[in-house]
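These notes concern the structure reproduced below.
2 protein chains.
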Amino acid sequence: MSQLPQQPAGISVPTSADVARLAGVSRATVSYVLNNNATVRISEPTRRRVREAAAGLGYVPHAAARSLRAGHTRTVLLPAAQAPAVPLYQRFLTRLESDLRRLDYTVVQYGSIGLEPDEAARAWAELRPVAVVSPGATALTPYGIGVLTRSGAKAVITLGPQPVDGAHAFVMDQREVGGCAVRHLLSRGRRRIGVVVPREPDLALFAEPRLAGAVRAAEDSAAPALIQPLPLRYDEESAEDLAARWRTLGLDAVFTYDDEYAMLLMRALQDTGVEVPAETAVIGADDLMLGRLLRPRLSSVTIELATAQPPAEIIDRLVRSPGGAPERHYLLRAAAVARDSS
Amino acid sequence: MSQLPQQPAGISVPTSADVARLAGVSRATVSYVLNNNATVRISEPTRRRVREAAAGLGYVPHAAARSLRAGHTRTVLLPAAQAPAVPLYQRFLTRLESDLRRLDYTVVQYGSIGLEPDEAARAWAELRPVAVVSPGATALTPYGIGVLTRSGAKAVITLGPQPVDGAHAFVMDQREVGGCAVRHLLSRGRRRIGVVVPREPDLALFAEPRLAGAVRAAEDSAAPALIQPLPLRYDEESAEDLAARWRTLGLDAVFTYDDEYAMLLMRALQDTGVEVPAETAVIGADDLMLGRLLRPRLSSVTIELATAQPPAEIIDRLVRSPGGAPERHYLLRAAAVARDSS
DNA sequence: TTGAAAGCGGTACCAC
DNA sequence: GTGGTACCGCTTTCAA
């Protein structure tokens, strides 16, 4: 097992001055060469000497010093989501991240779990990000937005179910998911519709808007329809409880929040002898593979996160021309996928 | 819709000098007060004036300037994983993050997707992190480790299936998962065991060690046993193909990589008329809820990530006393859970 | 074509 | 108790 290469106590990390000394030039020249500064002509031999010295020393510029001097950063701060790892959302962030890098931003996810919103905003502001994309409606207050903009952030953007006043917003309006599901069930002639509301607190941010959208769709419907919220924990016992009193509820359909809850509830209903879809239609959301593997095959709501312009380009534009009115970009597209369970 | 609070062009972000001016004190005093420096006595009225001035201006210290002066950061860099969002792993990171914050580190996830390993290491080094915890075995080369330590990182730690020479390691040895599964199947008297190998390239990092562990367990067994790798894409067509030629394979058991692949394959087998577990035993991994909802209930391998000492404390210790021999911390505990499918 | 020097914001030593 | 000031590493004018 090899020895860990340790930073010898006396030898400190190489700076551009060290590179300059080794190459026999000034620090200015080092900077010109390593940044390929076009406004100044440096001879080819000098460039080579500088490059070799830098490589030889393992020189890496000091980002903090650079941005201190520059007076600004190209850091886009993405406060790490405490939200459950929804694959859809992961894909969105991964894409955003690589697109931003392509636009020469440095993407930094900063964990702020357990910090108060305003405390978190101050911690973020210390990094002087040029833009902040903040998931979760709770984490950004008007005060926080003020702190960030005063600290030089050109764009403060929320990412969540609701816009926040005074900031730009990528809006993922989860109500649309509930709306889609209920409209689908109504179109199938169902009128007494249960809506599963996960008891897991983490999911409230998604669950409540989905329920609200369901209620709204029922109200907007021509035929009179009833929506019955159904609290449910993600465990078998809770599902069995609900299934046991299912017939007393008198429902002819259920929107199960997502496909995983659908699987949980459908199993419990089937074990109790409730026929799906004959007696009760079931629709989930997220259109996971598992829905296609269930019997009957699970109807679902597909969800896509998409904007006309890529989000990274929107951010870049907001950074370059700050100060406009808050923009709202609606990301979420939902559509019912009818299979055999509804 | 309110106007976005914009940074007026002329007014720049407040510095400690602005606070000093407003409070009628020196910058030194501002620093003393805001950092609660105990080595120096400042009168209470002065403290209050400084605090009020800072609050009034919305002053937030500049992290880059501070760490430039200090000569070091308390940044722990977590290069964002390109790995698939395994819930187990998410929980590990979330925990690590909040524990590190409690130890007063700033946790930064830096997206490096699409960068070459050495290029990525240089980009990380620019931030002068005091520690780097790098997921994915590929992303850290000896050169990269050198760049990071020379740039002042006190601890460079890999997080993945294999240690990397010259760095500390949190080892998640996925072979143990395959080993557990196969030993379980052997104990059930099965001898001709298929092992699903997902074709998704992202999963190779996990899939290959799981297969290797399965092979190893079969070799170590007293009874002669056969391991048959079974490439499978995560879609129904691929599963149907495999199921269609199942009987020609002559297998009496299958370890399906994880519970989701188990569900996919079990459905295809059942649709083809293969009896589970009578004709073929099935075991998955991850012990997801969905396994309990399948019929027959799915046997699985539970996986836990745990160390005697919390990982955050290990990192803290390595940072405080750097230079020891590379440490290996084995995180993964696996155990078979027998249900009805095996 | 290259170098000297100022200054970004904050901290901490040393005087007063 | 408080203030003056040097300095962290880097970029960028201005001079030579």
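Line by line, the protein sequences give chains U and H.
Numbering follows full-length UniProt numbering, in which position 319 of the first sequence is assigned residue number 319; successive positions increment by one, without gaps.
Numbering follows full-length UniProt numbering, in which position 42 of the second sequence is assigned residue number 42; successive positions increment by one, without gaps.
For glycine and all other residues, C-beta sits at the position ideal for the given N, C-alpha and C.
Owing to the predicted nature of the structure, the values given are computational and were not obtained by experimental measurement.
Residue from the options with nearest C-alpha to residue i
i: H/SER134; options: H/PHE170, H/THR149, H/ARG101, H/ASP99; result: H/PHE170
i: U/LEU68; options: U/PRO129, U/VAL30, U/ARG51; result: U/PRO129
i: H/VAL282; options: H/VAL196, H/ARG49, H/SER16; result: H/VAL196
i: U/LEU242; options: U/ASP271, U/LEU127, U/LEU93, U/TYR89; result: U/ASP271
i: U/CYS180; options: U/PRO310, U/VAL301, U/LEU159; result: U/VAL301
i: U/GLN228; options: U/ARG190, U/HIS329, U/SER16, U/ILE145; result: U/ARG190
i: H/SER221; options: H/GLN109, H/ILE42, H/ARG175, H/SER187; result: H/SER187
i: U/LEU288; options: H/ARG328, H/ARG175, H/ASP235; result: H/ASP235
i: U/ARG320; options: U/ALA64, U/LEU230, U/LYS154, U/ALA285; result: U/LYS154
i: U/VAL108; options: U/GLU97, U/ALA38, U/LEU34; result: U/GLU97
i: H/GLY58; options: U/GLU126, U/ALA70, U/ARG297; result: U/GLU126
i: H/VAL177; options: H/TYR257, H/ARG27, H/THR106; result: H/TYR257
i: H/GLY324; options: H/ALA244, H/PRO117, H/HIS168; result: H/HIS168
i: H/ARG48; options: H/GLY160, H/VAL19, H/LEU205; result: H/VAL19
i: residue 345 of chain U; options: U/ARG101, U/ARG210, U/LEU34, U/GLY146; result: In the structure as shown, chain U starts at 1 and stops at 342, and residue 345 of chain U therefore has no counterpart that could be examined.
i: residue 345 of chain H; options: H/ALA338, H/ALA223, H/LEU93; result: Because chain H is modelled from 1 through 342, residue 345 of chain H falls outside the range shown and cannot be assessed.
Where residue i sits in the DSSP three-state scheme
i: H/ILE283; result: strand
i: H/PRO161; result: coil
i: U/HIS184; result: helix
i: H/SER67; result: helix
i: U/THR272; result: helix
i: U/SER134; result: strand
i: H/SER12; result: coil
i: U/PRO142; result: helix
i: H/VAL76; result: strand
i: H/GLN90; result: helix
i: U/ALA222; result: coil
i: H/VAL171; result: strand
i: U/LEU4; result: At U/LEU4, the pLDDT of 46 sits below 50, so the modelled position is not reliable; the number obtained from the coordinates is stated separately. U/LEU4: coil per DSSP, three-state reduction.
i: U/THR46; result: helix
i: U/VAL156; result: strand
i: H/SER342; result: coil
i: H/SER238; result: helix
i: H/PRO209; result: helix
i: U/ALA308; result: coil
i: U/PRO296; result: coil
i: U/GLY178; result: helix
i: H/ARG245; result: coil
i: residue 361 of chain H; result: Any property of residue 361 of chain H remains undetermined from this structure, which presents chain H solely from 1 to 342.
i: U/ASP18; result: helix
i: U/GLU116; result: coil
i: U/ALA217; result: helix
i: U/LEU265; result: helix
i: U/VAL319; result: helix
i: H/HIS149; result: It should be noted that the sequence gives Thr, not His, for residue 149 of chain H. Three-state DSSP puts H/THR149 in a helix.
i: H/GLU200; result: coil
i: H/TYR59; result: coil
Pair within 8 Å by beta-carbon distance, residue i and residue j
i: H/LEU232; j: H/TYR261; result: yes
i: H/MET263; j: U/LEU290; result: yes
i: U/ARG183; j: U/ALA217; result: yes
i: U/LEU331; j: U/LEU305; result: yes
i: H/TYR110; j: H/PRO79; result: yes
i: residue 371 of chain H; j: U/GLY152; result: What the structure shows of chain H is the stretch from 1 to 342, and residue 371 of chain H is not part of that stretch, so it cannot be assessed.
i: U/ASP104; j: U/ARG74; result: yes
i: U/ASP99; j: U/ALA312; result: yes
i: H/SER341; j: H/LEU185; result: no
i: U/LEU211; j: U/TRP246; result: no
According to DSSP, residues forming a beta bridge with residue i
i: H/ALA336; result: H/VAL301
i: H/GLY194; result: H/GLN228, H/VAL254
i: H/ARG328; result: H/ALA169
i: H/TYR110; result: U/VAL108, H/PRO79
Review point. If you measure beta-carbon to beta-carbon, which residues of the region 127 to 147 of chain H are closer than 8 Å to chain U?
Key: LEU127, ARG128, ILE145, GLY146, VAL147
Point to revise | Residues from the region 149 to 162 of chain U in contact with chain H, defined by Cβ distance under 7 Å | key: THR149, ARG150, SER151, GLY152
Review point. What are the residues of the region 293 to 318 of chain U that lie near chain H, defined by any Cβ-Cβ distance shorter than 7 Å?
Key: LEU293
Check your understanding: Which residues, taken in chain order from the region 50 to 68 of chain U, show a beta carbon closer than 7 Å to some beta carbon of chain H?
Key -> GLY58, VAL60, PRO61, HIS62, ALA63, ALA64, ALA65, SER67, LEU68
Review point. Using Cβ-Cβ distances below 8 Å, what residues of the region 251 to 282 of chain H are close to chain U?
Key: GLU260, MET263, LEU264, ARG267
Practice item. Note down, in chain order, all residues in the region 83 to 102 of chain U with a beta-carbon under 7 Å from any beta-carbon belonging to chain H. Key: ALA85, PRO87, GLN90, THR94, GLU97, SER98, ARG101
Point to revise | Contact set between the region 105 to 130 of chain H and chain U, restricted to residues whose Cβ is under 7 Å from the partner | key: VAL107, VAL108, GLN109, TYR110, GLY111, ILE113, GLY114, ARG122, ALA125, GLU126, LEU127, ARG128
Check your understanding: What residues in the region 223 to 249 of chain H have a beta carbon less than 7 Å from any beta carbon of chain U?
Key -> TYR234, GLU236
Point to revise | Selection of the region 190 to 214 of chain U by Cβ proximity to chain H, strictly under 9 Å | key: none
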